[in-house]
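The block underneath contains the structure these notes are about, expressed in structure tokens.
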Amino acid sequence: MNKIYHITVLALSLCLVGCGSGSSSDSGSGSGSENAANNDPCNTVLAFNDTNFNYYTTANNTLAPSNNTELELMPDDLLSVGSAVFLKPAMTPPYSIEFEYTIFDDDGESNVPSSFNSADGIVVMLAKDETPYDSIDPPFGGARGYHPGDGYGVHFSIYETRYMSITDGAGDPLAYLEDFSPNVYPHGEWRKVKVTVRSDSIVVDYADNTGFLTYNGTLVQTYDRVGIGAGTGGADGQHKIRNVKVCSL
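Residue numbers for the sequence shown follow our numbering, beginning at 13 and rising by one.
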């Protein structure tokens, strides 16, 4: 039986209408109040609570936020874990989702040949069917919490060949990037990512790079759920996200 964990903390508003075209994030953990003062609803950091998100994880893990805008998807040294969080409101193109992530593995220092020690990374799930998560655990390992069959995934893979990719629901790559900087595995540092979704494109802005990875093609929009997943298998790593912002464009 799938395990669903709900977290109740201070609620912040979700930007769905009347948003500006831009979205940004600072390097701090973010409380939401500072962003609200900017008078830009698209600049509001979402709280991890029952109003904004649904939570799913395998039984060997517990989703618990470090603070109300930061979520540990899984701790370090925990094997064969799948986890996922989904925005409760439906999202249809055009929209963007922006957040920061960090991955840390105590065996994964970049100065040793340790790419097999750290796993498996994070995925942003787009145009997804959330229904299977109600009865089936999020898949662990290289699936990174992504149930196959529909939607699209923006993957940040840290096992063996570390890469970023955009895939369809079957896992087939639509865009792929292996050699890039900053590294997809940050070893405890925070990386900022923004994914912009339109009816004919998915664009990933990584750090300060505009259009870092792009897929151009008509998107299948059978479903309208947006989420973030993570997974480990025989190797491990702490996976955390913070400062999530979404915006209808």
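Each residue gets a CB set at the ideal place from its N, CA and C atoms; glycine is no exception.
- Message: Can you confirm whether Cys-259, when its beta carbon is compared against all beta carbons of chain D, has any partner nearer than 9 Å?
- Response: Looking for chain D here will not work: only one protein chain is present.
- Query: Are Val-215 and Leu-99 touching if we call contact CB-CB under 9 Å?
  - Reply: Taking the first residue of the sequence shown as 1, we reach residue 215 at position 203. Taking the first residue of the sequence shown as 1, we reach residue 99 at position 87. Not closer than 9 Å, so no.
- Please check the pair Leu-58 and Asp-248, which I expect to be a contact at CB under 8 Å, by giving their CB distance rounded to whole angstroms. As a working note, residue 58 is residue 46 in the sequence shown. As a working note, residue 248 is residue 236 in the sequence shown. Not confirmed; about 27 Å, so no contact.
- Message: Within the continuous beta strand (DSSP E) that includes Ser-177, where are the two ends?
- Response: Mapped onto the sequence shown, residue 177 falls at position 165. Residues 175 to 180.
- Query: Where does the unbroken beta strand (DSSP E) through Met-86 begin, and where does it stop?
  - Reply: Along the sequence shown, read from residue 1 onward, the residue named residue 86 stands at position 74. Counting along the chain, the beta strand (DSSP E) containing Met-86 begins and ends at 82 to 86.
- Message: So, for Gln-233: in the same chain, excluding its five sequence neighbours on each side, which residues have a beta-carbon less than 8 Å away from its beta-carbon?
- Response: One-based indexing of the sequence shown puts residue 233 at position 221. Around Gln-233: Thr-104, Pro-105, Ala-139, Ser-211.
- Task: Since I believe Gly-133 is in contact with Ser-171 (beta carbons under 8 Å), could you give me their beta-carbon distance rounded to a whole number of angstroms?
- Result: In the sequence shown, the residue the question calls residue 171 occupies position 159. In the sequence shown, the residue the question calls residue 133 occupies position 121. Checking the displayed sequence, the identity of residue 171 turns out to be Tyr instead of Ser. With 8 Å as the limit, Tyr-171 and Gly-133 qualify as a contact, their Cβ atoms being about 7 Å apart.
- Taking just the CA atoms, how far does Glu-82 sit from Ala-155? Here residue 155 corresponds to residue number 143 of the sequence shown, with the count starting at 1. Here residue 82 corresponds to residue number 70 of the sequence shown, with the count starting at 1. Cα to Cα, Ala-155 sits roughly 23 Å from Glu-82.
- Beta bridge counterpart(s) of Glu-112 as assigned by DSSP: In the sequence shown, residue 112 corresponds to position 100, counting from 1. Per DSSP, Lys-204, Arg-254.
- Environment of Ser-208 [buried if 16+ CB atoms lie within 10 Å]: Position 196 of the sequence shown holds residue 208. Note that residue 208 is Thr in the sequence shown here, rather than Ser. By the neighbour-count criterion, in which 16 or more other beta carbons inside 10 Å mark a residue as buried, Thr-208 falls on the buried side.
- With 16 other CB atoms within 10 Å as the buried threshold, where does Glu-190 fall? Within the sequence shown, the letter at position 178 stands for residue 190. Around the beta carbon of Glu-190, a 10 Å sphere encloses fewer than 16 other beta carbons of the protein chains shown; the residue is thus reported as exposed.
- Query: So what does DSSP say about Asn-55, is it helix, strand or coil?
  - Reply: By one-based count along the sequence shown, residue 55 stands at place 43. Of the three classes helix, strand and coil, the one that applies to Asn-55 here is helix, per DSSP.
- Message: Assess contact between the segment 145 to 152 and the segment 178 to 185, defined as three or more Cβ pairs (one per stretch) separated by less than 8 Å. Is contact present?
- Response: no
- Message: DSSP has Gly-239 in a bridge; who is on the other side?
- Response: By one-based count along the sequence shown, residue 239 stands at place 227. According to DSSP, which records beta bridges pairwise, Gly-239 is partnered with Phe-98, Met-137.
- Those residues which DSSP pairs with Asp-217 across a bridge: Here residue 217 refers to the residue found at position 205 of the sequence shown. According to DSSP, which records beta bridges pairwise, Asp-217 is partnered with Lys-206.
- Measuring CB to CB, does Gly-245 end up less than 9 Å from Gly-153? Counted from its first residue, the sequence shown places residue 245 at position 233. Counted from its first residue, the sequence shown places residue 153 at position 141. With contacts defined as CB atoms closer than 9 Å, Gly-245 and Gly-153 qualify as a contacting pair.
- Which class does Gly-154 belong to by DSSP, given the choice of helix, strand or coil? Mapped onto the sequence shown, residue 154 falls at position 142. Helix, per DSSP.
- Expressed to the nearest angstrom, what Euclidean distance is found between the alpha-carbon atoms of Thr-69 and Asp-117? Counted from its first residue, the sequence shown places residue 69 at position 57. Counted from its first residue, the sequence shown places residue 117 at position 105. If you take the alpha carbons of Thr-69 and Asp-117, they lie about 20 Å apart.
- Message: Quick test of your reading: Pro-72 and Val-97, contact by CB under 8 Å. State the CB separation rounded to the nearest angstrom.
- Response: Numbered from 1 along the sequence shown, position 60 holds the residue referred to as residue 72. Numbered from 1 along the sequence shown, position 85 holds the residue referred to as residue 97. Note that residue 72 corresponds to Asn in the displayed sequence, not to Pro. Actually they do not touch by this definition, with Cβ atoms about 17 Å apart.
- Cα separation between Met-86 and Ser-127? The residue you call residue 86 lines up with position 74 of the sequence shown. The residue you call residue 127 lines up with position 115 of the sequence shown. Going from the Cα of Met-86 to the Cα of Ser-127 covers about 19 Å.
- Message: Need the endpoints of the beta strand (DSSP E) that Gly-165 sits in, please.
- Response: Residue 165 sits at position 153 when you count from the first residue of the sequence shown. Gly-165 -> beta strand (DSSP E) spans 164 to 169.
- Tyr-145 by DSSP, collapsed to three states: which one? Taking the sequence shown and counting its residues from 1, one reaches residue 145 at position 133. In the structure shown, Tyr-145 falls within a helical segment according to DSSP collapsed to helix, strand and coil.
- Task: Identify whether Asn-79 lies in helix, strand or coil by the three-state DSSP scheme.
- Result: Looking up residue 79 in the sequence shown gives position 67. Strand at Asn-79.
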